[in-house]
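K.L.:
Chains as they are written, first to last, in my numbering: chain A, 1 to 114; chain B, 115 to 225.
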Amino acid sequence: GDSVTQKQGQVTLSEDDFLFINCTYSTTTYPTLFWYVQYPGQGPQLLLKVTTANNKGISRGFEATYDKGTTSFHLQKASVQESDSAVYFCALVDRGTNTGKLTFGDGTVLTVKP
Amino acid sequence: DMKVTQMPRYLIKRMGENVLLECGQDMSHETMYWYRQDPGLGLQLIYISYDVDSNSEGDIPKGYRVSRKKREHFSLILDSAKTNQTSVYFCASSLYQDTQYFGPGTRLLVL
């Protein structure tokens, strides 16, 4: 079945640091890929989405590129702010099975110190 | 304003009691989902509903059942709750199984 791997459980940065969160995936078809962000006490909310038609997603200063060759979908931001502190989830939906099932990684907790 | 609501937000139950979690959405989305979130385990899919009375098991359906009698409402039922069902439960909805919009969650504690 589909799987999503986020190896970094926790990332701690200072304001204005560069952010890189690793995400790799495994699926039998070409998925649509998502990054969701979850703030304390809230549900996950969409940060960005990338399909096979457009290889890169950009939102609120965050960027992720869909690399079919390495099956990776890393999240980057040039300069983080304290308000970016949250849990970030990589996820995919397999278009081939048409179930709408979203497979999540385990999440990366980002802490940005002022 | 697109919104997914969940009631109640917090719930404490004793083992063996029945639990009803409710979810609503105002976007006319045909597909709705229930997930649970435990520390270190991300989100796990319990059930998917493709429309009224069209429900499908997710990855961890055991101990749960669902009901969808109106497109805008989706209920999760725990018959005889167990302590290992203590978790945070999220409802989500999507249009044509695309981007999912999540509710704020229900924190359930089963004693």
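The C-beta atom is built at its ideal place from N, Cα and C for all residues, glycine as well.
Taking contact to mean at least 3 C-beta pairs separated by less than 8 Å, is the stretch 133-150 of chain B in contact with the stretch 16-29 of chain A?
P.N.:
The answer is no - the stretch 16-29 of chain A does not touch the stretch 133-150 of chain B, with fewer than three Cβ pairs under 8 Å.
K.L.:
Ordered along the chain, which non-local residues of its own chain (more than five positions away) have a Cβ less than 7 Å from that of P175/B?
P.N.:
These residues qualify, in order along the chain: I160 and Y161.
K.L.:
In chain A, which residues lie less than 8 Å from I162/B when you measure between Cβ atoms?
P.N.:
Per Cβ cutoff of 8 Å: T99, G100 and K101.
K.L.:
Looking at the unbroken beta strand (DSSP E) that takes in M121/B, where does it start and where does it end?
P.N.:
Start and end: V118 to M121.
K.L.:
Using only CA atoms, which one of G154/B, V118/B, A195/B and N132/B lies nearest to W148/B?
P.N.:
Per the Cα distances, V118/B.
K.L.:
Which value, in whole angstroms, describes the spacing of the CA atoms of L222/B and A53/A?
P.N.:
Roughly 40 Å between the two C-alpha positions.
K.L.:
Rounded to a whole number of angstroms, what is the C-alpha to C-alpha distance between V112/A and N55/A?
P.N.:
Distance between the alpha carbons of V112/A and N55/A: 28 Å.
K.L.:
What distance in whole Å lies between the Cβ atoms of K68/A and G57/A, which are believed to be in contact at a cut-off of 8 Å?
P.N.:
With 8 Å as the limit, G57/A and K68/A do not qualify as a contact, their Cβ atoms being about 15 Å apart.
K.L.:
Could you check which residue in E131/B, M129/B and E136/B has the C-alpha nearest to that of S181/B?
P.N.:
With distances taken between Cα atoms, S181/B lies closest to E136/B.
K.L.:
Can you check whether the C-beta of T119/B is within less than 8 Å of a C-beta belonging to chain A?
P.N.:
Judged by the 8 Å Cβ criterion, T119/B is not in contact with chain A.
K.L.:
Among the residues of its own chain, which have a CB less than 6 Å from the CB of T51/A, if the five just before and after it don't count?
P.N.:
So the qualifying residues of the chain are T32.
K.L.:
With a cut-off of 8 Å, does the C-beta of G130/B fall near any C-beta of chain A?
P.N.:
By this cut-off, G130/B is not an interface position.
K.L.:
So for R63/A, helix, strand or coil by DSSP?
P.N.:
A small correction: the amino acid at residue 63/A is Glu; Arg does not occupy that position in the sequence shown. Of the three classes helix, strand and coil, the one that applies to E63/A here is strand, per DSSP.
K.L.:
So with CB distances below 8 Å, who are the chain A contacts of P218/B?
P.N.:
Neighbours of P218/B on chain A, chain order: G41, Q42 and G43.
K.L.:
Out of Q38/A, Q81/A, E82/A and V87/A, which one is the CA nearest neighbour of G217/B?
P.N.:
Of the candidates Q38/A, Q81/A, E82/A and V87/A, the one whose C-alpha sits nearest the C-alpha of G217/B is Q38/A.
K.L.:
Whole angstroms is fine: what's the gap from T27/A's alpha carbon to G177/B's?
P.N.:
C-alpha separation (whole angstroms): 28 Å.
K.L.:
The stretch 136-154 of chain B: which residues have C-beta closer than 9 Å to a C-beta of chain A, in chain order?
P.N.:
Residues T145, Y147, Y149, Q151 and G154.
K.L.:
In chain B, which residues lie less than 9 Å from F89/A when you measure between Cβ atoms?
P.N.:
Neighbours of F89/A on chain B, chain order: G156 and L157.
K.L.:
Can a CB atom of chain B be found closer than 8 Å to the CB of F62/A?
P.N.:
Output row for F62/A: interface = no.
K.L.:
List, in chain order, every chain B residue whose beta-carbon is nearer than 7 Å to that of L46/A.
P.N.:
Those within 7 Å of L46/A in chain B are T213.
K.L.:
Output, in sequence order along the chain, the residues in the stretch 163-197 of chain B whose CB is closer than 9 Å to any CB in chain A.
P.N.:
Cβ contacts with chain A come from Y164, S170, G172 and D173.
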